[in-house]
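Trainee: Top line first, the protein sequences correspond to chains B and D. Reminder that position 174 of the first sequence reads as 174 in the numbering used here, one-by-one numbering, no gaps. Reminder that position 49 of the second sequence reads as 1049 in the numbering used here, one-by-one numbering, no gaps.
Protein chains: 2
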Amino acid sequence: MEIYRTITEQVAAHLRQDILSGRLKAGQPLREQALSERFGVSRGPIREVFAMLADQGLLVKEPNKGVQVASRPMADVRPLVVDLRKRIETYVLDQVFDRITPRDLQSLDSVLQDMESACRREDPDALMEQDIRFHQTLVGMHPSPDLLRIWEPIMTRMLLEYTRHGDLMESYLEHKRIADAIREGNQEAALEALAANIL
Amino acid sequence: MEIYRTITEQVAAHLRQDILSGRLKAGQPLREQALSERFGVSRGPIREVFAMLADQGLLVKEPNKGVQVASRPMADVRPLVVDLRKRIETYVLDQVFDRITPRDLQSLDSVLQDMESACRREDPDALMEQDIRFHQTLVGMHPSPDLLRIWEPIMTRMLLEYTRHGDLMESYLEHKRIADAIREGNQEAALEALAANIL
DNA sequence: CAATTACAGATTGTTGACAATTCATGGGAT
DNA sequence: ATCCCATGAATTGTCAACAATCTGTAATTG
């Protein structure tokens, strides 16, 4: 891999995964020194990561008291969150549909491949990561980077209460249907398959 | 004042204002040293602020190259952004309407007072700040802090292309209508006035 | 005995110094 | 003249030390 240039990015990605996967439990306090020793870096980068993840809402920060892992969103906001995410993603797909390049499609296929592999290994964490990547790739197809910035915190809220499919393969198939519809140029079917995947 | 506990918070608020008000122009690079001298602090807190504002999308950051002020969002995403913001705020108002306390209403009135004052002084920057505070207060009435986290980046995108009303007082009146409808317990009118204010 | 205060350890906030990277400039080879 | 590479100034990335703040504990006081 080695796609991250700075220590801060690496730690941020790692910590983010730890939180979303549930390895770190809500309310658990995180110490700067403990993490700096664990990652073998000084406290500076750790503080930057804390600032970012707190701004993102994955951590809650209180002055002079450190950070804690954020708790799951309240159940009654889920319908709104689902609706918002669905609107963003369908908007993007609708807007860019005629401009999707073979390269874009290849990116999606590449993610699908990793998804299938994760299913075979019965690795729910990896599946979730590829699930994120699939939709991230989709939203990233829109020329405006602002949509990703808006989409991220919404997606994050859904991931904080991610419920694994009983059958992992079903998740893979749902995404495959989206990509296939795009490949066939069937816009309506693609939008429908996308909406069906978000809930 | 003295509401901000740490240097980081103060600088973040100040810089945020500078960007949203347009005093800092899109694409302009910001140097850590320059800002640290301007605010009389070291580079550490400045870097934390950069990390936060970049995560928020107000600055764009490139490793080893520093940060730049983000440019305005593309015009064609505005309809979506407006729609998303409207849905969040009306959702909140609808959900909390029956639980709005006199204290909440007082907060809104307090903002309205500052708004009127800003209008009298013909101070568009102050008006914008109170405009933000009004809606922030509203969204903050919902018990889930997640809604604020989702709302913020969306609101930010609209503020980056904030167009001042020809008549400042009109903006004040729009918000006053919302508060008045809430005070009278007229839920439908409140929702309507709110929707009319967001565009 | 309850409440308060003093203290010590731990943790976060801030700083200045050092290392690594980028970028512009100018000298040299073809 | 053009291209390439060296070189050094400017800037960001990282670190370790110091200061300020919080937290729990135990002694003190009424």
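Glycine residues also receive a C-beta, built at the ideal position from the N, C-alpha and C atoms.
Are any of the Cβ atoms in chain B nearer than 8 Å to that of D:Asp-1167?
Mentor: No - not a single Cβ of chain B is within 8 Å of the one on D:Asp-1167.
Trainee: CA-CA distance, D:Cys-1119 and D:Leu-1112?
Mentor: 10 Å
Trainee: Given that B:Arg-23 touches chain D, what residues does it touch there, using C-beta distances under 8 Å?
Mentor: Chain D residues near B:Arg-23: none, gap ~21 Å exceeds 8 Å.
Trainee: Which first and last residues belong to the beta strand (DSSP E) in which B:Lys-68 is found?
Mentor: Reading off the sequence shown, one finds Gln at residue 68 of chain B, where the question assumed Lys. B:Gln-68 -> beta strand (DSSP E) spans 66 to 69.
Trainee: Measure the C-alpha to C-alpha separation of D:Gln-1130 and D:Asp-1114 and round it to an integer number of angstroms.
Mentor: 7 Å
Trainee: Rounded to the nearest angstrom, what separates B:Phe-39 and D:Met-1052 at their Cα positions?
Mentor: 21 Å
Trainee: Anyone know if the C-beta pair for D:Ala-1190 and D:Ile-1178 falls short of 8 Å?
Mentor: yes
Trainee: Three-state secondary structure (DSSP) at D:Lys-1061?
Mentor: strand
Trainee: In its own chain, which residues sit with a C-beta less than 7 Å from the C-beta of B:Arg-43, not counting the 5 before and 5 after it?
Mentor: Glu-32, Gln-33, Ser-36
Trainee: Helix or strand or just coil, what does DSSP make of D:Leu-1030?
Mentor: If DSSP states are grouped into helix, strand and coil, D:Leu-1030 belongs with the strands.
Trainee: With the cut-off set at 8 Å, would you say B:Val-207 and B:Ala-26 are in Cβ contact?
Mentor: The first residue shown for chain B is 1 and the last is 199, placing residue 207 of chain B beyond what the model contains.
Trainee: Which parts of the segment 1101 to 1164 of chain D are runs of the alpha helix (DSSP H), unbroken and 4 residues or longer, counting only runs that do not cross its ends?
Mentor: 1102 to 1120, 1124 to 1140, 1146 to 1159
Trainee: Please check if any C-beta of chain B sits within less than 8 Å of the C-beta of D:Leu-1173.
Mentor: So, not an interface residue.
Trainee: Closest to B:Glu-9 by CA distance: which of B:Ser-21, B:Glu-48, B:Val-92, B:Ile-132 is it?
Mentor: Measuring from the Cα of B:Glu-9, the nearest candidate turns out to be B:Glu-48.
Trainee: Which chain D residues are close to B:Asp-146, counting only those with a beta carbon under 7 Å from its beta carbon?
Mentor: Correct list: Gly-1057, Pro-1073, Val-1077, Arg-1157.
Trainee: Does the beta carbon of B:Leu-84 sit closer than 8 Å to a beta carbon anywhere in chain D?
Mentor: yes
Trainee: Does B:Ser-144 pass the burial test, meaning 16 or more other C-beta atoms within 10 Å, or should it be called exposed?
Mentor: buried
Trainee: Should B:Arg-99 go down as buried or exposed, given a rule of 16 or more other Cβ atoms within 10 Å for buried?
Mentor: exposed
Trainee: What residues in its chain sit with their C-beta under 6 Å from that of B:Asp-209, if we drop five residues either side in the sequence?
Mentor: The structure shown does not extend to residue 209 of chain B, since chain B spans only 1 to 199, so no value can be given for it.
Trainee: Rounded to whole angstroms, what is the Cα-Cα separation between D:Gln-1017 and D:Gln-1136?
Mentor: Near 15 Å, if we compare the C-alpha coordinates of D:Gln-1136 and D:Gln-1017.
Trainee: If you measure from the beta carbon of D:Met-1001 to each beta carbon in chain B, is any gap under 8 Å?
Mentor: Low per-residue confidence applies at D:Met-1001: pLDDT is 43, beneath 50, and the placement is therefore not dependable, though the value from the model is reported in the following sentence. No, its Cβ sits nowhere closer than 8 Å to a Cβ of chain B.
Trainee: Can a CB atom of chain B be found closer than 8 Å to the CB of D:Leu-1093?
Mentor: no
Trainee: With distances taken from CA atoms, which of B:Leu-80, B:Gly-22, B:Asp-180 is nearest B:Pro-124?
Mentor: B:Gly-22
Trainee: Verify the CB distance criterion: does B:Glu-48 have a CB-CB separation below 8 Å to chain D?
Mentor: yes
Trainee: Considering Cα atoms alone, identify which of B:Arg-72, B:Pro-29, B:Asn-64, B:Ile-7 is closest to B:Val-41.
Mentor: B:Ile-7
Trainee: If we cut at 8 Å on Cβ distances, does D:Leu-1080 have a partner in chain B?
Mentor: yes
Trainee: I need the DSSP call for B:Glu-184, collapsed to helix, strand or coil.
Mentor: coil
Trainee: Beta-carbon of B:Met-128 versus every beta-carbon of chain D: anything under 8 Å?
Mentor: Not one chain D Cβ lies under 8 Å of B:Met-128.
Trainee: In terms of residues, what are the limits of the alpha helix (DSSP H) holding B:Pro-73?
Mentor: Element bounds for B:Pro-73: n/a, residue is neither H nor E.
Trainee: Just confirm the distance between the C-beta atoms of B:Val-92 and B:Val-139, as a whole number of angstroms; I'd bet it's less than 8 Å.
Mentor: 5 Å between Cβ atoms; contact.
Trainee: Determine the chain B residues that contact D:Met-1052 at a beta-carbon separation under 7 Å, and present them in chain order.
Mentor: Those are Ala-51, Met-52, Asp-55, listed as they occur along chain B.
Trainee: In angstroms with no decimal places, state the Cα-to-Cα distance between B:Pro-153 and B:Gln-56.
Mentor: Rounded to the nearest angstrom, the two C-alpha atoms are 7 Å apart.
Trainee: In terms of alpha-carbon separation, which member of B:Ala-75, B:Val-67, B:Ser-107, B:Leu-127 lies closest to B:Ala-54?
Mentor: Of the candidates B:Ala-75, B:Val-67, B:Ser-107, B:Leu-127, the one whose C-alpha sits nearest the C-alpha of B:Ala-54 is B:Val-67.
Trainee: State yes or no: is the beta carbon of D:Thr-1163 nearer than 8 Å to at least one beta carbon in chain B?
Mentor: no
Trainee: Residues of chain D with CB under 9 Å from B:Arg-5, in chain order?
Mentor: Pro-1063, Asn-1064
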